[in-house]
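Under the working numbering, the residues of the sequence shown are numbered 25 to 375, in order. Ideal Cβ positions, reconstructed from N, Cα and C, are used throughout, including at glycine. Working notes, beginning with the structure itself.
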Amino acid sequence: MPRWLKLLLVVIVPLIVAALAWVDAPLYQAPIVEATRVTNQKAEAITDENQNQDHQTNQEIRARYLNTKRKGQTVSLNNTFTDSGTIDFEVKTGNQLFVTSGKSPQIKDLKRDWLLLSLLSLFIVVLALTMRRQFWMTLISLVLNTGLFYLAVHVDVTNQQLSVGLLFSGLAIAFTLITAVFIVGLKPLAGVISGVTVLATGLAVALGYAIMTLTNYAGIHLETVKYVTQAPQLLFYIQVVIGALGAVLDIVGDISMTLAASPQTGKARFQTGMALGRDILGPLINVLLMIFMVGTFSEAILWLRNSNSIAQTVEWVMGLGLAQTLISAFGIVLAVPITSLLMSMRRGTTR
């Protein structure tokens with residue numbers, strides 16, 4: 025395929041998807057309106073109990089229904105937003121909004137599906153162009169894993185007597201098996217990749233649990249696990265297992281497939297695996313750290329702007345994330361020698 029055609033697909037497909045999503049309001053059951061006229065009142069200075077200063081603006085909005093029985097009818101709405109925008113947003117002419125039902129509708133949220141779907145289509149197009157023949161296998165694996173995760177959450181919500189730890193531990197093993205099979209096919213190598221991934225992840229979590237238990241969870245505030253009112257410790261370790269799994273599987277897969285295709289045997293193969301692991305370790309751990317930092321960046325800035333110290337912010341906002349990253353790093357480090365050792369004991373090469 026010519027390069028110009030690839031670039032055209034990368035640009036055109038997301039634009040088409042965004043355009044289709046922009047007019048998909050009739051597919052929703054929830055009422056959706058489009059702002060046709062927005063009038064902003066004069067901004068007012070406000071100060072909270074901590075002397076944080078902001079500006080608040082009231083908006084008068086005229087909007088038109090895009091779906092339901094009221095399609096085409098107009099309605100008047102009110103909105104209030106602040107310059108900081110921490111818990112609100114500014115409505116602009118042309119924005120599509122979810123509103124409540126009833127005679128006096130209220131704004132619930134912005135309709136953003138056009139943006140999400142266009143980004144998803146961009147991801148799929150780039151994936152297809154770069155992976156070529158392996159694209160469909162990767163996409164099927166992704167869909168299956170997503171479906172399994174949704175099923176596990178549904179089972180957890182509907183069956184309160186089922187052990188959450190066992191459920192999501194089984195889910196992690198299923199993720200590993202499915203991904204390994206789709207990476208290398210139904211071969212013994214898939215079993216090696218799955219086994220090492222589960223072993224390294226289990227050892228890393230056990231090591232992290234032992235360290236935190238011996239230190240009595242000093243500096244670790246399990247009560248900050250989001251949206252959890254019961255058993256925060258269990259949910260924290262489930263997050264650790266799911267989070268570490270992908271990184272460990274990545275490095276195990278890379279080393280295993282490289283060594284499987286190598287004509288080397290015994291000690292030479294082991295040394296090659298260790299050298300390859302050392303090259304991958306640094307970048308992979310840095311990626312994990314950056315993913316964690318992005319997830320906590322906005323909340324950390326909010327804490328710092330509210331006169332909290334850096335030490336306090338790190339302990340309460342970033343503490344759990346740092347612990348998860350470190351445990352994942354344990355798993356990555358342990359995976360290198362284990363994978364290299366097992367692959368050095370295998371004979372022959374695999375294409």
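How long is the line joining the alpha carbons of residue i and residue j, rounded to whole angstroms?
{"i": "K135", "j": "R94", "result": "18 Å"}
{"i": "K127", "j": "N103", "result": "17 Å"}
{"i": "V179", "j": "Q288", "result": "47 Å"}
{"i": "I164", "j": "G319", "result": "27 Å"}
{"i": "H245", "j": "T349", "result": "15 Å"}
{"i": "D78", "j": "V181", "result": "40 Å"}
{"i": "G10", "j": "L213", "result": "The structure shown does not extend to residue 10, since the chain is modelled only from 25 to 375, so the question has no answer here."}
{"i": "F105", "j": "F122", "result": "16 Å"}
{"i": "I36", "j": "L153", "result": "14 Å"}
{"i": "V34", "j": "L313", "result": "29 Å"}
{"i": "I40", "j": "R370", "result": "50 Å"}
{"i": "K399", "j": "L344", "result": "Nothing can be reported for residue 399: it is not among the residues displayed for the chain, which extend from 25 to 375."}
{"i": "F147", "j": "L32", "result": "14 Å"}
{"i": "V341", "j": "E73", "result": "22 Å"}
{"i": "L139", "j": "I266", "result": "27 Å"}
{"i": "A42", "j": "T117", "result": "18 Å"}
{"i": "G171", "j": "T71", "result": "47 Å"}
{"i": "A387", "j": "I111", "result": "In this structure the chain extends from 25 to 375, so residue 387 is not present and cannot be described."}
{"i": "W327", "j": "Q75", "result": "14 Å"}
{"i": "L51", "j": "F159", "result": "30 Å"}
{"i": "N82", "j": "D278", "result": "55 Å"}
{"i": "R157", "j": "L166", "result": "15 Å"}
{"i": "L358", "j": "L101", "result": "58 Å"}
Can you list, in chain order, the residues of its chain with a C-beta nearer than 7 Å to that of residue i? Leave out the 5 residues immediately preceding and following it.
{"i": "F294", "result": "S364, L365 and S368"}
{"i": "V150", "result": "V34"}
Are residue i and residue j touching if we call contact CB-CB under 7 Å?
{"i": "T282", "j": "L305", "result": "no"}
{"i": "A224", "j": "I362", "result": "yes"}
{"i": "S145", "j": "P38", "result": "yes"}
{"i": "Q120", "j": "E58", "result": "yes"}
{"i": "A271", "j": "I356", "result": "yes"}
{"i": "E68", "j": "Q80", "result": "yes"}
{"i": "A176", "j": "L195", "result": "yes"}
{"i": "R86", "j": "T60", "result": "yes"}
{"i": "V249", "j": "L238", "result": "no"}
{"i": "D137", "j": "A45", "result": "yes"}
Can you say whether residue i is buried or exposed, counting buried as having 16 or more other CB atoms within 10 angstroms of its CB?
{"i": "R27", "result": "exposed"}
{"i": "Y89", "result": "buried"}
{"i": "A255", "result": "exposed"}
{"i": "M25", "result": "exposed"}
{"i": "Y261", "result": "buried"}
{"i": "A228", "result": "buried"}
{"i": "T221", "result": "buried"}
{"i": "G209", "result": "exposed"}
{"i": "T337", "result": "buried"}
{"i": "M216", "result": "Looking at the sequence itself, residue 216 is Val, so the reference to Met does not match. Buried, because 16 or more other Cβ atoms sit within 10 Å of the Cβ of V216."}
{"i": "S352", "result": "buried"}
{"i": "M236", "result": "buried"}
{"i": "G297", "result": "buried"}
{"i": "L269", "result": "buried"}
{"i": "V276", "result": "buried"}
{"i": "S218", "result": "buried"}
{"i": "S322", "result": "exposed"}
{"i": "V264", "result": "buried"}
{"i": "I325", "result": "exposed"}
{"i": "L143", "result": "exposed"}
{"i": "S280", "result": "buried"}
{"i": "L273", "result": "buried"}
{"i": "L186", "result": "exposed"}
{"i": "A376", "result": "The structure shown does not extend to residue 376, since the chain is modelled only from 25 through 375, so no value can be given for it."}
{"i": "V47", "result": "exposed"}
{"i": "A347", "result": "buried"}
Quick one: residues in its chain with C-beta nearer than 6 Å to the C-beta of residue i, no 5 flanking neighbours on either side, listed in chain order?
{"i": "M161", "result": "F206"}
{"i": "E84", "result": "T63"}
{"i": "A49", "result": "I56, L90 and N91"}
{"i": "R375", "result": "Any answer about R375 is weak, because its pLDDT of 49 lies below 50 and its placement is not dependable; what the coordinates show is given next. If we look at R375 and ignore the five residues flanking it on each side, it has no Cβ neighbours."}
{"i": "I309", "result": "A353"}
{"i": "V360", "result": "G301"}
{"i": "L29", "result": "none"}
{"i": "S108", "result": "D78"}
{"i": "F192", "result": "I262"}
{"i": "E114", "result": "F105"}
Quick one: residues in its chain with C-beta nearer than 8 Å to the C-beta of residue i, no 5 flanking neighbours on either side, listed in chain order?
{"i": "Q257", "result": "L246"}
{"i": "Y233", "result": "Y261"}
{"i": "K291", "result": "S368"}
{"i": "E339", "result": "G243 and H245"}
{"i": "Q97", "result": "R88 and Y89"}
Point to revise | Inter-stretch contact (C-beta, 8 Å, three-pair minimum) for the region 192–209 and the region 326–334 | key: Cβ pair count under 8 Å is below three, so no.
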